[in-house]
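Peer 1:
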Amino acid sequence: MTRFMLTLLLFTSPVLAQSNEVKPGTAQPQMQTSAWIRPAIEGEERDDDTFRIEAEQPLLVYFFGVKSDSCSSCGLWMQEISRIHDIWSSRGLQVVGISKEGTADLERFLGEYAGITTFPVASDSGENTFRNWLDNSPRKDRLPTVFLVDAKGIIQWIGAPGEELDGLLEDFVKGRYHHELTPYGEKLKKSAKEARKYNDWQDAESYYMQMLRDGEGVLNQAAVEIFRLYAIDRGETDRAYGWIEEVISEYGDDYWLMADLAREIAAGRDMPESARRLDVAERLTKMASQELSDSDPERPALEAAIAFAGGQVRDAVNLQRRAVRVAPPVLKQKYRLDLERYLSQLKDK
């Protein structure tokens, strides 16, 4: 393990200046720790002793105990939090652990889990951070506890690790989870779905537009549904692609939205073949790829989907193999499924 020191002070917004209550919607409290420890990365030289939590990036904070009387299950969750780190860190999620035990106890604990712990952890032996975060939250004295803090420094979720956390992480990392806007969007989406069932397209479109207007970027997925409404439900291909031009103009900096639209064009199951304009999908992919790192499997997977839709099966296979190769172990199977589908088509040719 590599040990290093950090003096960290995250300033709070006026939200917490008025109240000490910590809940979704409030700014993250101060985080004050003295000693950080993180796993040494094989082959990496470290010539500094500073670890820094970056501003304007989403953050997961895992509060845990290392002694059986403080938390009997916390050690069991170390592998799960490491899995989250391994999957999402390449997409900007910062994952850190905070323990209130001293450095010696923490190092001993981490020694037991050295083979599975991949995220940095800190000793909060003065319990300042525990007091600032946990003691004023709905989960006081309950370990383990996870806080999700968005890129603006606002807490969006507090709870225990498990299925609920897993279910919202992808949206959270993409900036599509908000403690109030997400439930609001789900209600509008349900109303739009009901309207589409009865071919009430005007009402359906108005619900999606409301999601875009009120969603503050969190509900931008509604733009994909409007495209589907035009292209599939109404069969108005030109209007659908006219809408995409509007989306690019208004939301072109939302690279996940560009990626989702590209995938919908290239691989959407209900999309009529006559409505697949792969030149537009390629353009959207290039926009998304400006932000997707080379280590993100989604980048070659998206290019593979477009190649496959264009009949370039061998290219699709090669690109998808790359996606499988760079994907974290827990995600490889997801990308293998498409690879197997592409390979089956290649064998049939």
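Going by the numbering used here, the sequence shown opens with residue -18, and the numbers climb by one from there.
Where a beta carbon is used, it is the ideal one built from N, C-alpha and C, also for glycine.
1. Under 8 angstroms, do A173 and P39 count as touching if we go by C-beta distance?
2. Going by the DSSP bridge assignment, what does V76 pair with across the sheet?
3. Give the straight-line distance between the Cα atoms of A304 and D251, rounded to the nearest whole angstrom.
4. L149 to S106, Cα distance in whole Å?
5. Taking C-alpha atoms, which residue in D184, K171, Y232 lies nearest to G198?
6. Tell me, to the nearest whole angstrom, how far the beta carbon of G46 is from that of K81; I am working on the premise that it is less than 8 angstroms.
7. Candidates A85, V76, D122, V77: which alpha carbon is nearest D50's?
8. By alpha-carbon positions, which one of A297, L162, V42, E279 ends up nearest to W114?
9. What would DSSP say about A98, mapped onto helix, strand or coil?
10. CB-CB under 7 angstroms to E186, same chain, minus the five flanking residues each way: which ones, in chain order?
11. Is any heavy atom in the ligand FMN found nearer than 7 angstroms to the beta carbon of L265?
12. Just the Cα atoms here: how many angstroms apart are I22 and K168?
13. Given this structure, state the Cα-to-Cα distance separating P310 from F153, to the nearest angstrom.
14. Taking the beta strand (DSSP E) that V298 belongs to, which residues open and close that run?
15. With three or more beta-carbon pairs closer than 8 angstroms as the criterion, would you say the segment 250 to 265 touches the segment 285 to 303?
16. So, for A248: in the same chain, excluding its five sequence neighbours on each side, which residues have a beta-carbon less than 7 angstroms away from its beta-carbon?
17. Could you please give me the residues that DSSP links to T135 through a beta bridge?
18. Is E148 helix, strand or coil when you go by DSSP?
19. Which residues bound the beta strand (DSSP E) around T126?
20. Between Q75 and the rest of its own chain, which residues show a CB-CB distance below 8 angstroms, the 5 nearest in sequence each way excluded?
21. What are the boundary residues of the alpha helix (DSSP H) that includes K170?
22. Could you tell me which residues DSSP pairs with G140 in its beta bridges?
23. Excluding five sequence neighbours on each side, which residues of the same chain lie with their C-beta closer than 6 angstroms to the C-beta of R322?
24. Just curious, the alpha helix (DSSP H) that I287 is in, first and last residue?
25. Short check: CB of T110 to CB of Q9, under 8 angstroms?
26. Taking Cβ to Cβ, would you say L320 is nearer than 8 angstroms to V298?
27. Give me the Cβ distance between P281 and I136, rounded to the nearest whole Å; I'm assuming they're in contact under 8 angstroms.
28. Can you give me the C-alpha to C-alpha distance between I62 and A204, rounded to a whole angstrom?
29. In whole angstroms, give me the CA-to-CA distance for P253 and Y189.
30. List the endpoints of the continuous alpha helix (DSSP H) containing C52.
Peer 2: If we stick to the structure as given:
1. Your numbering for residue 173 matches position 192 in the sequence shown. Your numbering for residue 39 matches position 58 in the sequence shown. Their beta carbons are not under 8 angstroms apart, which means A173 does not touch P39 by this criterion.
2. Locating residue 76 in the sequence shown gives position 95, where the first residue counts as 1. Answer is L41, bridged to V76.
3. As a working mapping, residue 304 is identified with position 323 in the sequence shown. As a working mapping, residue 251 is identified with position 270 in the sequence shown. The alpha-carbon separation between A304 and D251 amounts to approximately 25 angstroms.
4. The residue you call residue 149 lines up with position 168 of the sequence shown. The residue you call residue 106 lines up with position 125 of the sequence shown. The alpha-carbon atoms of L149 and S106 are separated by roughly 31 angstroms.
5. Your numbering for residue 198 matches position 217 in the sequence shown. That would be Y232, whose Cα lies nearest to the Cα of G198.
6. As a first step, residue 46 must be located in the sequence shown, where it is residue number 65. As a first step, residue 81 must be located in the sequence shown, where it is residue number 100. Confirmed, about 7 angstroms.
7. Walking along the sequence shown from the start, residue 50 turns up at place 69. D50 has its Cα closest to that of D122, out of A85, V76, D122, V77.
8. Here residue 114 is taken as the residue at index 133 of the sequence shown, counted from 1. The option with the nearest alpha carbon to W114 is V42.
9. The residue given as residue 98 occupies position 117 in the sequence shown. The sequence given here places Thr at residue 98; Ala does not occur at that position. Of the three classes helix, strand and coil, the one that applies to T98 here is coil, per DSSP.
10. Reading the sequence shown from its first residue, position 205 is the one you call residue 186. Same-chain partners within the cutoff: I207, L210.
11. The ligand FMN is absent from the structure shown, which contains no ligand whatsoever.
12. Within the sequence shown, residue 22 is the residue found at index 41, counting from 1. Within the sequence shown, residue 168 is the residue found at index 187, counting from 1. Any reading at I22 needs caution, since the residue's pLDDT is 46, under 50, leaving its predicted position unreliable; the model's value is listed next. Spanning the two alpha carbons is a distance of roughly 45 angstroms.
13. For the purposes of this step, residue 310 is taken as the residue at position 329 of the sequence shown. For the purposes of this step, residue 153 is taken as the residue at position 172 of the sequence shown. Rounded to the nearest angstrom, the two C-alpha atoms are 21 angstroms apart.
14. Numbered from 1 along the sequence shown, position 317 holds the residue referred to as residue 298. Taken as a continuous stretch (DSSP letters only), V298 belongs to no beta strand (DSSP E), being part of the alpha helix (DSSP H) at 294 to 307.
15. yes
16. As a working mapping, residue 248 is identified with position 267 in the sequence shown. Answer for A248: A286, A290, listed in chain order.
17. Here residue 135 refers to the residue found at position 154 of the sequence shown. According to the sequence shown, residue 135 is Ile rather than Thr. Partner(s): A8.
18. For this step, residue 148 is matched to residue 167 along the sequence shown. The residue you asked about is not Glu; residue 148 is Gly in the sequence shown. G148: helix per DSSP, three-state reduction.
19. Translated into positions along the sequence shown, residue 126 becomes position 145. From DSSP, the beta strand (DSSP E) with T126 extends over 126 to 130.
20. Position 94 of the sequence shown holds residue 75. Around Q75: I34, E35, Q38, P39, L40, L41.
21. Looking up residue 170 in the sequence shown gives position 189. 162 to 178 is the extent of the alpha helix (DSSP H) around K170.
22. The residue labelled residue 140 in the question sits at position 159 within the sequence shown. Listed as beta-bridge partners of G140 by DSSP are V127.
23. If you number the sequence shown from 1, residue 322 lands on position 341. For R322, where only same-chain residues beyond five positions count, there are no Cβ hits under 6 angstroms.
24. Position 306 of the sequence shown holds residue 287. Residues 279 to 290.
25. Here the question's residue 110 lines up with position 129 in the sequence shown. Here the question's residue 9 lines up with position 28 in the sequence shown. Against a cut-off of 8 angstroms, the Cβ pair of Q9 and T110 comes out as no contact.
26. Start at 1 with the first residue of the sequence shown, and residue 320 comes out as number 339. Start at 1 with the first residue of the sequence shown, and residue 298 comes out as number 317. Going by C-beta atoms, L320 is nearer than 8 angstroms to V298.
27. The residue labelled residue 281 in the question sits at position 300 within the sequence shown. The residue labelled residue 136 in the question sits at position 155 within the sequence shown. Actually they are not in contact, since the Cβ atoms of P281 and I136 sit about 34 angstroms apart, beyond 8 angstroms.
28. Here residue 62 refers to the residue found at position 81 of the sequence shown. Here residue 204 refers to the residue found at position 223 of the sequence shown. Rounded to the nearest angstrom, the two C-alpha atoms are 32 angstroms apart.
29. Sequence index remark: in the sequence shown, residue 253 carries index 272 (1-based). Sequence index remark: in the sequence shown, residue 189 carries index 208 (1-based). So the two alpha carbons sit approximately 22 angstroms from each other.
30. What you label residue 52 is simply residue 71 of the sequence shown in a count that begins at 1. For C52, no alpha helix (DSSP H) run applies, since DSSP gives it neither H nor E.
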